[in-house]
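Quick note: my numbering has the sequence shown finishing at residue 820, numbered continuously throughout.
Heads up, the thing below is written out as structure tokens.
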Amino acid sequence: MLVATMVTAITVASFTGCKTRSTETEGMRDGDDINTSETTEETEPSATPTPTNTPTPTPSPTPAIPHMDLPEVDDTAPMFLNLPETVYIEEGGEFNIDKHIGYIDDCDSNVECIIDGDVDTSTSGSYPLTLTLVDDAGNTKSGSMTVKVYVPSSSGGGGGGSDEHKTLAYSDFMDRYPDSDIAYGIDVSRYQGDIDFEKVKAAGCEFVMLRSMIYNNGELGVDRKFEEYYVDAKAAGLLIGVYYYSTDSNLEELHAHCDELLAVLEGKELDLPVAFDWESWSHFQKYGMSIIDINNLFYEFAGIMDANGYSTILYASKYYLEIIWEPAGYDVWLAHYVKETTYEGDYTMWQTGSIGRIDGISEDVDTDILFKSRYPELFGGT
439 MLVATMVTAI
449 TVASFTGCKT
459 RSTETEGMRD
469 GDDINTSETT
479 EETEPSATPT
489 PTNTPTPTPS
499 PTPAIPHMDL
509 PEVDDTAPMF
519 LNLPETVYIE
529 EGGEFNIDKH
539 IGYIDDCDSN
549 VECIIDGDVD
559 TSTSGSYPLT
569 LTLVDDAGNT
579 KSGSMTVKVY
589 VPSSSGGGGG
599 GSDEHKTLAY
609 SDFMDRYPDS
619 DIAYGIDVSR
629 YQGDIDFEKV
639 KAAGCEFVML
649 RSMIYNNGEL
659 GVDRKFEEYY
669 VDAKAAGLLI
679 GVYYYSTDSN
689 LEELHAHCDE
699 LLAVLEGKEL
709 DLPVAFDWES
719 WSHFQKYGMS
729 IIDINNLFYE
739 FAGIMDANGY
749 STILYASKYY
759 LEIIWEPAGY
769 DVWLAHYVKE
779 TTYEGDYTMW
789 QTGSIGRIDG
799 ISEDVDTDIL
809 FKSRYPELFG
819 GT
């Protein structure tokens, strides 16, 4: 088992790529643009840079931040985070295995991916592949997938109706969780468009988590609605926290981005924590990190925030909290889209869904609850 200890030094290794033994022909929430043009998931965004004028310097991490160390014996195999049963490639297209799978190891940041099988994208057909992950301790994990190369239809495809879009009224969301220890909230980014926070509060919302910054596809920027949202939410009397959507993969990136985040937050009063939101798992190997590395990255972030007077919370889904993250005493913002969670770990906030509808916002919104007893300074009590 990996155990976090209380030290400061962190080393994040680099990734050198997936290795192959085949002759194949080479071919997911807030991963978006920030302040200018629209983009798709796999497209490099065009972002308005964050302010660089006199950013708050990153202090040395406090001595008490946790650190996850290598085990004396590594007997844990790598794991697939994303392994589809079937992948479809248009005839004549390109096939790159790393665009279709994701994997991770507890210790090794450069897992070898051995591919047995061939894919000829110039010829339609089914191509079975066996994939074997090998870490530097010799632990292995195997899986299989089929690549289907197809000739596109000349008919242009069929029509058909779309499924009805389901939503959940905010009042119904609140009725699901009638506990007196619960406060009701939302989290928002520029996707929610113009927001009337006075109406949001009147609808029963008590707190809001605002997306402050995003680092995705190599670009860093401030959410284009953050400043507006902050001013309006504060004026409406809502409790405010923020989250940073991160794809940082090493300390140099993280330290630079923390400097920018602190500059963005300077002069703003936060009632709730700064959330670390790292969720780019589909092709995780491209970041060159292990489970140890990404946990230590979070601990470093938390240490920097703590040293600057901000509390920290880890945002993560139930699945990744159970297989990747070791919160090490930090608060957790659980994401689990069910009426009743089966997560057995400790959590302070819970994102219960993403289809909420509340007066004051014309788009779907994430619905959240927090436990008042965890914030006695805000809600009273113990």
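We put the beta carbon where it would ideally sit given N, CA and C, even for glycine.
Collapsed DSSP secondary structure at residue i in the structure displayed
i    : result
R649 : strand
T477 : Residue placement at T477 cannot be trusted, given a pLDDT of 32 that sits under 50; what the coordinates show is reported in the next sentence. In this structure, T477 counts as coil in the three-state DSSP scheme.
M612 : helix
E657 : strand
Y758 : helix
T733 : Note that residue 733 corresponds to Asn in the displayed sequence, not to Thr. DSSP places N733 in helix when its eight states are reduced to three.
G741 : helix
Y725 : helix
Y622 : strand
Y753 : strand
T490 : With a pLDDT of only 43 at T490, under the threshold of 50, the placement of this residue in the model should not be trusted; the figure read from the coordinates follows. Coil, per DSSP.
G465 : Any answer about G465 is weak, because its pLDDT of 36 lies below 50 and its placement is not dependable; what the coordinates show is given next. Of the three classes helix, strand and coil, the one that applies to G465 here is coil, per DSSP.
T446 : Reliability fails at T446, whose pLDDT of 36 lies under 50, so the model's placement of it is uncertain and the value that follows must be treated cautiously. Reduced to three states, the DSSP call for T446 is coil.
Boundaries (first-last residue) of the beta strand (DSSP E) holding residue i
i    : result
H505 : 504-506
F809 : 803-809
V511 : Careful: V511 lies outside any beta strand (DSSP E) and carries neither H nor E.
L816 : L816 -> not in any beta strand (DSSP E); alpha helix (DSSP H) instead, spanning 814-817.
L772 : 769-773
S684 : 677-684
G798 : Taken as a continuous stretch (DSSP letters only), G798 belongs to no beta strand (DSSP E), as it is neither H nor E.
V712 : 712-716
L521 : Per DSSP, L521 belongs to no beta strand (DSSP E) and is neither H nor E.
Range covered by the alpha helix (DSSP H) that runs through residue i
i    : result
D670 : 664-673
D697 : 689-703
A640 : 635-640
Cut-off 7 angstroms between Cβ atoms - residues of its own chain near residue i, not counting five sequence neighbours on either side
i    : result
T496 : At T496 the pLDDT is 45, less than 50, meaning the model places this residue with poor confidence; the figure from the coordinates comes in the next sentence. H693, C696, D697, I742.
L699 : S650, M651, Y682
P590 : E528
K706 : Y668
S564 : T584, K586
F664 : L648, R649, S650
8 angstroms CB neighbourhood of residue i in its chain, flanking five on each side removed
i    : result
Y748 : L703, L708, P711, V712
V646 : G623, I624, D625, V626, F635, V638, Y667, A671, L676, L677, I678, G679
E644 : A621, Y622, G623, L676, L677
Cβ neighbours of residue i in the same chain (closer than 6 angstroms, five flanking residues each side left out)
i    : result
S718 : T685
W414 : In this structure the chain extends from 439 to 820, so residue 414 is not present and cannot be described.
T605 : I793, R795
Y785 : V770, L772
Y608 : A641, G794, I796
D512 : C545, A575
Closer than 8 angstroms to chain D by CB, residue i
i    : result
I807 : The question asks about chain D, but that chain is absent: this structure has only one protein chain.
Next on the checklist: What ranges does the beta strand (DSSP E) occupy inside the stretch 524-592, keeping only unbroken runs of at least 3 residues that lie completely in it?
Outcome noted: 524-528, 540-542, 550-554, 563-572, 578-588
Next on the checklist: Can you confirm whether the stretch 548-564 touches the stretch 730-738 when touching is taken to mean that 3 or more C-beta pairs between the two stretches lie within less than 8 angstroms?
Outcome noted: no
Item to check | Validate contact between the stretch 502-509 and the stretch 681-693 using beta carbons, cut 8 angstroms, 3 pairs | outcome: no
Checklist entry - Are the stretch 568-583 and the stretch 519-536 touching, with three or more C-beta to C-beta distances below 8 angstroms? => result yes
Item to check | Three-pair Cβ contact test at 8 angstroms for the stretch 753-765 versus the stretch 723-734 | outcome: yes
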